[in-house]
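Each residue of the sequence shown is one higher than the last, beginning at 1274 in this note's numbering.
Ideal Cβ positions, reconstructed from N, Cα and C, are used throughout, including at glycine.
These notes are about the structure you will find just below.
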Amino acid sequence: MNHFINLSENKVHQDKIKFILSEAKKNVEDHTLLFAGSLKPQDAWLLFQSQQAIIIDVRTHEERKFVGYVEHSEHIPWLTGISLERNPEFLEKLQSFVNAYDIILLMCRSGKRSAAAASVAYNAGFTNVYNIDQGFEGDLDPNSHRGTYNGWRFHNLPWVQE
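Encoded structure:
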């Protein structure tokens, strides 16, 4: 009897994942963006927690160290150096962590850099690359502060800090 309950629960879980990915794809279709989709932080957490996806943090090392990061996420900076130029090793390092068909969730501070990185990854053949909309810290509020309006931390999702 318990076996059937687990199968039923697994079916519901898989249906929820399919729904989340379908909605994420609609988000980019509405804006003609060049990657698989854009997810809310809560949906990204559900996929990551269920081991259906990998999170790649594209922020700088300093941002991760001083602001925090999602535990067990991978780190490949999109921009590097003092002048914050595009990381020439980004795609090569991405290929070392995932294959082209894995579900890849990219995260930055507010979702802008990760969207650019997602577009480049998608054009390089990573067909299941998604942007985590709102990012780790979220958008600016009316007082020009982050973390009070939206984003990973605002939604009280798990994170750690060095």
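What residue range is occupied by the uninterrupted beta strand (DSSP E) comprising ASP1330?
As a first step, residue 1330 is located in the sequence shown; it is residue number 57 there, counting from the start. First-last of the beta strand (DSSP E) with ASP1330: 1327 to 1330.
Cβ of LEU1307 within 8 Å of Cβ of ILE1293?
For this step, residue 1307 is matched to residue 34 along the sequence shown. For this step, residue 1293 is matched to residue 20 along the sequence shown. The answer is no: Cβ separation not under 8 Å.
What number of angstroms, rounded off, separates the C-alpha of ASP1316 from the C-alpha of TRP1351?
Here residue 1316 refers to the residue found at position 43 when the sequence shown is read from its first residue. Here residue 1351 refers to the residue found at position 78 when the sequence shown is read from its first residue. If I take the Cα positions, the gap works out to 23 Å.
To the nearest whole angstrom, what separates the beta carbons of LEU1378 and LEU1320, a pair I think is in contact under 8 Å?
On the sequence shown, residue 1378 is found 105 positions in, with the first residue counted as 1. On the sequence shown, residue 1320 is found 47 positions in, with the first residue counted as 1. The pair is a contact, with the Cβ atoms about 7 Å apart (cut-off 8 Å).
Output the residue ranges of the beta strand (DSSP E) runs that lie fully inside the region 1369 to 1428 and measure 3 residues or longer, sorted by chain position.
The qualifying runs are 1377 to 1380, 1402 to 1405.
Provide the residue span of the alpha helix (DSSP H) that contains LEU1319, from first to last.
Your numbering for residue 1319 matches position 46 in the sequence shown. Looking at the DSSP string, the run of the alpha helix (DSSP H) that includes LEU1319 is 1314 to 1322.
In angstroms, rounded to a whole number, what distance separates the CA positions of HIS1345 and ASN1416?
The count along the sequence shown starts at 1 and reaches residue 1345 at position 72. The count along the sequence shown starts at 1 and reaches residue 1416 at position 143. Using only the alpha carbons, I get a separation of about 32 Å.
LEU1357: buried (16+ other C-beta within 10 angstroms of its C-beta) or exposed?
The residue labelled residue 1357 in the question sits at position 84 within the sequence shown. So LEU1357 ends up on the exposed side.
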